[in-house]
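**Q**
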Amino acid sequence: MMDTLCIEHLSKSFGTHKIIDDLSFIVPEHAVFGFLGQNGAGKTTTMKMILGLLKPESGSIKVCGETVTYGQTKTNRYIGYLPDVPEFYSYMRPFEYLKLCGKITGLSDQKIKCRSEELLLLVGLDKVNKKIGGFSRGMKQRLGIAQALLNEPKLLVCDEPTSALDPIGRKEILDILCQVKGKTTVVFSTHILSDVERICDRIAVLHNGKLALCGTLSDIREQHKRDGLLIEFSSQADKEQFLSFPQIIPLLTNAENTDSSLIIHTRSLEKAESAVIATLAENHLLPVKFEVQEPTLESLFMEVVK
Amino acid sequence: MRSYFAFTNKEFCEAIRTYKLLIMAAVFLLLGMMNPITAKITPQLVASFMPEGMKITIPEPTAMDSWTQFFKNVPQMGLIVLVVLFSGIMANEFSHGTLINILTKGLPRSVVILSKFTMSVILWTASYILCFVVTYAYTAYFWSDSSIPNILFSVFCLWLFGVLLLASIMFGGVLFKNSYGCLLFTGGFVILLFLLNIAPTLQAYNPISLASNNMALLTNKMTVSDFKLPIVICCAAIASYLISAVALFNKKQI
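Chains A and B supply the protein sequences, listed in that same order. Using our numbering, you'd call the opening residue of the first sequence number 1 and step up by one each time. Using our numbering, you'd call the opening residue of the second sequence number 1001 and step up by one each time.
The structure is reproduced here in structure tokens:
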């Protein structure tokens, strides 16, 4: 399978400030790639370089096997781009705008008409015929997706598509992205972690111009598994009783102990789990909560950008 | 080619919906009517403001006075309105970020410049013709025996100077990315041309004469051949402005 996007040793600085420092990663076909990072981490800069709007200092970018060149970018015919705040000609109507975009990309009139209708329906703007100047942020964002998908791109690049939207608007955008998932490769930058968990299958975290983390979401979770076991009791007395059992004491070498709950960290989680359950059952101690702790994306993110 | 027509079409749509077309047409229609009328009524106006008993002989106005007004008003008011109105033509695209979508769709950057230039030249030409036709019609109506030598050529010279200003706006707009910079650049360019005109050796080449010596042409103080060099220089300047605007735009980060 060919990689849709391939970035190798990319660097870029503004003045003396190095934004991107020897960045390399690949995005395979049909992946939904979440590109994370703090504000100012260089997500937009990277995306603009992919689109040939900014000139990289060194390194190469390949889209569908073709190298991106700055300025006149042939590779853009494979790409649909949704900027963070998409701007349109405010005096145009959505259909007119898509027609203009279609003509520029070289679609036939017939194709423009049917694609526009299809996409406006997809993004829920099919019944809107006012000028874009009167659009809300969410409507502009949706029109942005429609224009990005117009030429059936192999790669859809979205720059923080959900950051400025209310919860309903966000859900709508994510739903649309989910719908196009199978047809196109999506690269989308964000700092909203729950969005990533909802739709991405791969992520990369950008920090200090380098990748702090990169891979499929499940692999990363696996690698950063913390092996924690949380047991919460209804009262402190129950907990004290539990702590005094001889089978439990060896597990407590690396434990966090709070009011009525206990977190056990251990190398062999399964052994600890069965020991704890057996002890609880034998002594008729009923915990309120028993949980194997999974690393959340948030904790991972905080860990790598520290 | 198809993208060029599509983008030019968009430019016209913009000119209509942002009232540029309306303003241009209104201003130049007004100018066209003012030229002959001011020429006609100035003597009466002056006479009516004269204190009692004072007498001053004002020659009867002629068609030539009407054209004097034309070649005074259009370069002064008309060209200023033209420059101010079109100074934001590149700047608005930069500041609103509207070009990003369009350029990432694969529109060649040269097409952006050429489309905008095409639209502005067509709009300028149409408004200018409107102004000329109105002045011509009124002048013919007021002074029926009016045949002016070289009138069409003189009108053409001023038109060409307008096109030069538009080309300068394109370059200034790309260079500064904002409308003030663009206005200053074009204003500075005109001032530079005026300053160069101080040196007598340069006068024969200076394109500014296309907008300042029109009356000399009508009164036969200058001949058509005197304008050949400025016209050639002017065309060369238009071409080099456009070529450098495209070259510069290709290098700009957006």
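Built from N, CA and C at the ideal position, the CB exists for glycine as well. Nothing here was measured: the structure is a model prediction, and the numbers come from that model.
Using 8 Å as the limit for Cβ to Cβ distance, is A/Glu87 near chain B?
**A** True, the Cβ-Cβ gap to chain B drops below 8 Å.
**Q** Using the three-state DSSP reduction, which class does A/Ala164 fall into: helix, strand or coil?
**A** Reduced to three states, the DSSP call for A/Ala164 is coil.
**Q** What residues in the stretch 106-139 of chain A bring their beta carbon closer than 9 Å to a beta carbon of chain B?
**A** Listed in sequence order: Gly106 and Lys131.
**Q** Is DSSP giving B/Glu1052 helix, strand or coil here?
**A** Residue state, collapsed to three classes: coil.
**Q** Give, in chain order, every residue of the stretch 1228-1253 of chain B whose Cβ lies closer than 8 Å to some Cβ of chain A.
**A** Answer set for the stretch 1228-1253 of chain B: Asn1250, Lys1251 and Gln1253.
**Q** Given that a residue counts as buried once 16 or more other Cβ atoms are within 10 Å of its Cβ, and exposed if not, what is A/Cys158?
**A** Result: buried.
**Q** Under a CB-based cut-off of 8 Å, is A/Gln179 close to chain B?
**A** No, because no Cβ of chain B sits closer than 8 Å to the Cβ of A/Gln179.
**Q** In the stretch 1191-1220 of chain B, which residue ranges form an unbroken alpha helix (DSSP H) of at least 4 residues, counting only runs that do not cross its ends?
**A** Correct list: 1200-1203, 1209-1212 and 1214-1218.
**Q** Can you check which of these residues, A/Glu29, A/Arg137, A/His191 and A/Glu298, is closest to A/Leu5 by C-alpha distance?
**A** When each option's Cα is compared against that of A/Leu5, the closest is A/Glu29.
**Q** Could you name the residues that DSSP lists as bridge partners for B/Ala1015?
**A** In DSSP, B/Ala1015 forms no bridge with anything.
**Q** Give, in chain order, every residue of the stretch 1007-1040 of chain B whose Cβ lies closer than 9 Å to some Cβ of chain A.
**A** Hits within the stretch, in order: Phe1007, Asn1009, Lys1010, Cys1013, Glu1014, Ile1016, Arg1017 and Thr1018.
**Q** Could you please tell me which residues of the stretch 32-64 of chain A, in chain order, have their CB closer than 9 Å to any CB of chain B?
**A** Within the stretch 32-64 of chain A, the qualifying residues are Lys48, Leu51, Gly52, Leu53, Leu54 and Lys55.
**Q** Our contact map puts A/Thr162 next to A/Asp195 with C-beta atoms below 8 Å; I'd like the distance itself, whole angstroms only.
**A** Indeed they touch by this definition, with Cβ atoms about 5 Å apart.
**Q** Please determine, among A/Ile199, A/Met92, A/Ser261 and A/Arg142, the residue with the shortest C-alpha to C-alpha distance to A/Leu125.
**A** Among A/Ile199, A/Met92, A/Ser261 and A/Arg142, the Cα nearest to that of A/Leu125 is on A/Arg142.
**Q** Cutting at 7 Å between CB atoms, please list the residues of its own chain near A/Leu174, excluding the five before and the five after it.
**A** Closer than 7 Å at Cβ, skipping near neighbours: Thr162, Asp195, Arg198 and Ile199.
**Q** Anything in chain A within Cβ reach of B/Leu1107, meaning under 9 Å, just list it in chain order.
**A** Ile104 and Thr105, listed in chain order.
**Q** So, under 8 Å CB-CB, B/Lys1040 and B/Phe1142 are touching, yes? Tell me the CB distance rounded to an integer number of Å.
**A** So it is a contact: roughly 5 Å between Cβ atoms.
**Q** Assuming contact is defined by CB atoms lying nearer than 8 Å, are A/Tyr97 and B/Arg1017 in contact in what I supplied?
**A** In this structure, B/Arg1017 does not lie closer than 8 Å to A/Tyr97 by Cβ.
**Q** Counting along the chain, where does the beta strand (DSSP E) carrying A/Ala255 start and finish?
**A** Ala255 to Asn257 is the span of the beta strand (DSSP E), which, as asked, contains A/Ala255.
**Q** How close, in whole Å, do the beta carbons of A/Val180 and A/Leu156 come, if the pair is a contact with beta carbons under 8 Å?
**A** Right, the Cβ-Cβ distance comes to about 7 Å (below 8 Å), so this counts as a contact.
**Q** For A/Gln147, go through chain B and note every residue whose CB falls closer than 9 Å to its CB, in chain order.
**A** Those are Asn1101 and Lys1105, listed as they occur along chain B.
**Q** Let me check understanding here. Comparing Cα to Cα, which of A/Leu53, A/Lys239 and A/Phe188 lies closest to A/Val289?
**A** Per the sequence shown, the amino acid found at residue 289 of chain A is Lys instead of Val. Among A/Leu53, A/Lys239 and A/Phe188, the Cα nearest to that of A/Lys289 belongs to A/Lys239.
**Q** Quick check on A/Asn76 - is its C-beta less than 8 Å from some C-beta in chain B?
**A** Closer than 8 Å to some Cβ of chain B, the Cβ of A/Asn76 qualifies, so yes.
**Q** Does the beta-carbon distance from A/Leu206 to A/Ala31 come in below 8 Å?
**A** Result no, Cβ atoms of A/Leu206 and A/Ala31 do not sit closer than 8 Å.
**Q** What are the residues that DSSP puts in a beta bridge with A/Thr67?
**A** A/Thr67 pairs with A/Lys62.
**Q** Give the DSSP bridge partners of A/Ala204, in chain order.
**A** BP columns for A/Ala204 point to A/Phe35 and A/Cys214.
**Q** I'd like to know whether the C-beta of B/Ser1120 is nearer than 8 Å to at least one C-beta of chain A.
**A** No, no contact with chain A.
**Q** Hey, A/Leu229 and A/Leu243: beta-carbon distance below 8 Å or not?
**A** It is not a contact, given that the beta carbons lie outside the stated cut-off.
**Q** Just curious, the beta strand (DSSP E) that B/His1096 is in, first and last residue?
**A** Counting along the chain, B/His1096 falls outside any beta strand (DSSP E), though it belongs to the alpha helix (DSSP H) covering Gly1088 to His1096.
**Q** Less than 8 Å between C-beta atoms, sequence neighbours within five positions excluded: which residues of the same chain meet that for A/Lys111?
**A** Gly102, listed in sequence order.
**Q** Below 8 Å on C-beta distance, what does B/Thr1062 contact in chain A?
**A** Those do not exist, as B/Thr1062 stays about 46 Å from chain A at its closest Cβ, beyond 8 Å.
**Q** Give the DSSP-derived three-state secondary structure of A/Ser235 in the structure shown.
**A** A/Ser235 falls in the coil class under three-state DSSP.
**Q** Throw me the rounded Cβ distance for the A/Lys210 and A/Asp21 pair, which I believe falls under 8 Å.
**A** Their Cβ separation, rounded to whole angstroms, is 5 Å, which keeps A/Lys210 and A/Asp21 in contact under 8 Å.
**Q** Could you check whether the stretch 1086-1104 of chain B touches the stretch 1166-1181 of chain B, counting it as contact only if at least three pairs of C-beta atoms, one from each stretch, sit closer than 8 Å?
**A** Verdict: yes, contact present.
**Q** If we count the other Cβ atoms within 10 Å of its Cβ and call it buried at 16 or more, is B/Phe1094 buried or exposed?
**A** When all chains shown are included, B/Phe1094 counts as buried.
**Q** Going by the DSSP bridge assignment, what does A/His17 pair with across the sheet?
**A** A/His17 is bridged to A/Phe14.
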